[in-house]
């Protein structure tokens, strides 16, 4: 059994497996649009990762609508209809935030002496008993509507009422007579509708459901005169991102499709070949999607964009087959022709797959999907060519390559070689490669995640308006506090809060929100009880107040008992309320420890905050954006090392066939193309990032095909040069359109491949112009 028969047998088995996989996976294909899913997750076992995951979940699932209209009475009547419409969608849950703080008030009852605001702590330490007594009596006499007996017993001085007020979130939200929350913007009332998504906003199916539900609700509201809807939430950014990615995917796919159709019709002048060319393409894309769905559960939309660009790569196999067949004309024999094409096709596939699979070593989940999707697609495309083309194209073509095209291709080839021959000296070329590589180490780079996400200015402006009206300005940075017990945790938070308070007097920090806003540490509660005992009970303030109010002795004893519970309020008692109230500070606990996050309000000075927290055990400032930037920097450098490894591996792989120098000359053109491409991009003013580096792996995988086919062509120059030229054009069409993407990451990737592939085509003849030591 010869090599061609084995290859075709393996191709048949592979295609059968892919067919079954596609039938199984494609009906349940799911898409993911989370840009951060492209990057590795932090170790979920660390406290920082767990806190950040919880905070991210709170943030990303939150949706807030502000509904305004000219006639407030009509707006109040229509508001329940809008809310009912939203609740009909399983994608939404109405967020019931207890702004009144009733649950906390119930928990605090009986602990009056332990729960004191900083202002009351100062009063008890500085005011005389007579001053405290007068203040309490004045409060009772001037309070509108008086005070109930229960309130008087549990909170005689009003300290607990003040503590309850301090625990309520700092917000501009008000409550109307019908218990509807609202804010005032430009003297106009907007009703607040807080929602929580039932799942991740990056789930495309959930996005579609939420979008439809919001459209229906907005349609109902816009029946009112002067209706206006403001909205904020991660959902709206993901909707915009998914729509943009799908539009770009359609543009890339359609652009490649139209370009390929025009090229095939112009060159081969056969509608049958046109249809046949797209069979391996369709098979490759479907197999790639099915395999990605099986391995990852969902296909990232960025991987889907590159899957669309796969069209421009997988077409190469058909182009080489069609070109070789047309070049031989009446002398075409399908068996011999396929056998002659198999070595360069197989070598090209192997090196391309190595280039794609190198993505996996980079550690990027998103790029791993791209690697799996593209590699599976290319293998399937070549398997389709080997299995179907020899049967369907067994007959010799009726037309050979037109004379004008033969002359054009060969003249271009001679001019190409004539231009490169003076510099086709291995020593010079490797010296140029070395110099440019060293110079690129000084090229400007950018690893900012913000530059890779460019949200709609309209959405950003609307979000700022909503957040300003709500009085919410929390930044992405926060202070992480961790401790072995809940008591120590609260104590450490108080220490951190004391340092942060000192910064509020300067421009270093606008504000912060800590867990001790709703619960002092056991140590502070004990100190409060001692202060209460000395200043209120022992000093006779409470007894004199009871006498002035003519309370009975039994009532006085009841007051003593109701305000002096000796047991501290603990965090476990508060945990259920903290879980139900997303407006309250975060608290997590497990066997490894207890954790909380102090949220910070912008504007803030990160350096000043870091300096202020120095020396506090278990307290650290967390900047997720800076950490992601550092991660991107690390992977940009890793990708450069990975690229060198890929070149070395491929050169070693080819050494057996071409010898040492021959193998180096095969990999040299794409290597030179890569460094020239990065140099040109730097000269144009673009800072290099990880996506430029990852694109060079693709330049290697595609560019080396050109050198391989030229080395293997020997006497068959016409068909090879025609196929390489057509291949370059189709690849440029595919990735050239990616360079036009509004998404910075895709733009960087596409531009690098576009420039790199053009240069790789131009430099490819160097592989045959330089003398090789061995060809077998």
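Residue numbers (our numbering): 36 to 811. For glycine and all other residues, C-beta sits at the position ideal for the given N, C-alpha and C. Just so we're clear, the structure is a prediction, and the values are computed from it rather than from any experiment.
Within the same chain, 136, 139, 140 and 143 come within 8 Å of residue 199 by CB-CB distance, once the 5 residues on both sides are set aside. Looking at the DSSP output, residue 632 bridges to 515 and 621. With fewer than 16 neighbouring CB atoms inside 10 Å of its own CB, residue 297 falls in the exposed class. Counting C-beta atoms within 10 angstroms of its own C-beta, residue 551 has 16 or more neighbours from the protein chains shown and is therefore classed as buried. Proximity to residue 380 across 796, 781, 759 and 792 peaks at 759, based on C-alpha coordinates. For the pair residue 159 and residue 115, the Cα-to-Cα distance works out to about 48 Å. When C-beta atoms of the segment 767 to 785 are compared with those of the segment 721 to 732, three or more pairs fall below 8 Å, so the two segments count as touching. Membership of residue 545 in any alpha helix (DSSP H) is not indicated; the residue belongs instead to the beta strand (DSSP E) covering 544 to 548. Within the DSSP secondary-structure output, residue 267 pairs in a beta bridge with 99. Taking C-alpha positions only, residue 48 is separated from residue 408 by approximately 19 Å. Collapsing the DSSP output to three states places residue 564 in a helix.
Taking C-beta atoms as the reference points, residue 404 and residue 334 count as a pair closer than 8 Å.
Excluding residues up to 5 positions away in sequence, 57 lie with their Cβ nearer than 6 Å to the Cβ of residue 321 in the same chain. The shortest C-alpha to C-alpha distance from residue 495 to any of 741, 272 and 794 is the one to 272. Here the alpha carbon of residue 127 sits roughly 15 Å from the alpha carbon of residue 94.
Only exposed fits residue 720, as fewer than 16 other CB atoms lie within 10 angstroms of its CB. Taking the CA atoms as reference points, residue 214 sits about 38 Å from residue 562. By a beta-carbon distance limit of 8 Å, residue 501 contacts residue 101. Their separation comes to about 6 Å. Contact check for residue 218 against residue 208 passes: the beta carbons are separated by less than 8 Å. By alpha-carbon distance to residue 152, the top candidate from 279, 564 and 234 is 564. In this structure residue 658 is in contact with residue 512, their Cβ atoms being roughly 5 Å apart against a cut-off of 8 Å.
Residue ranges of uninterrupted alpha helix (DSSP H) with 4 or more members, entirely inside the segment 726 to 799 and ordered along the chain, are 752 to 773 and 779 to 798. Within a 10 Å sphere around the beta-carbon of residue 800 sit 16 or more other beta-carbons, which makes this residue buried.
Under the DSSP assignment, residue 673 falls in the alpha helix (DSSP H) whose first and last residues are 659 to 718. Between residue 774 and residue 790, the alpha-carbon positions lie close to 10 Å from each other.
Non-local C-beta neighbours of residue 372 in its own chain, meaning closer than 7 Å and more than five positions away in sequence, comprise 359, 360 and 363, ordered along the chain.
In terms of Cα proximity to residue 195, the closest of 188, 177 and 150 is 150. Counting along the chain, residue 220 sits inside the beta strand (DSSP E) bounded by residues 216 to 220.
The C-beta separation of residue 516 from residue 499 comes to about 29 Å, leaving the pair out of contact by the 8 Å criterion. Residue burial annotation: residue 670 is buried, with at least 16 other C-beta atoms found within 10 angstroms of its C-beta.
Secondary structure note for residue 191: it is in no beta strand (DSSP E), with a DSSP letter that is neither H nor E. Here residue 67 is bridged, per DSSP, to 238 and 335.
Counted as a single uninterrupted DSSP element, the stretch harbouring residue 587 is not any alpha helix (DSSP H), since DSSP gives it neither H nor E. Residue 226 is bridged by DSSP to 102 and 217.
When the five nearest sequence neighbours on each side are left out, the beta carbons in the same chain lying within less than 6 Å of the beta carbon of residue 567 are those of 148, in order along the chain. Assignment of alpha helix (DSSP H) within the segment 125 to 171, counting only whole runs of 4 or more residues, yields 137 to 143 and 153 to 161 in chain order.
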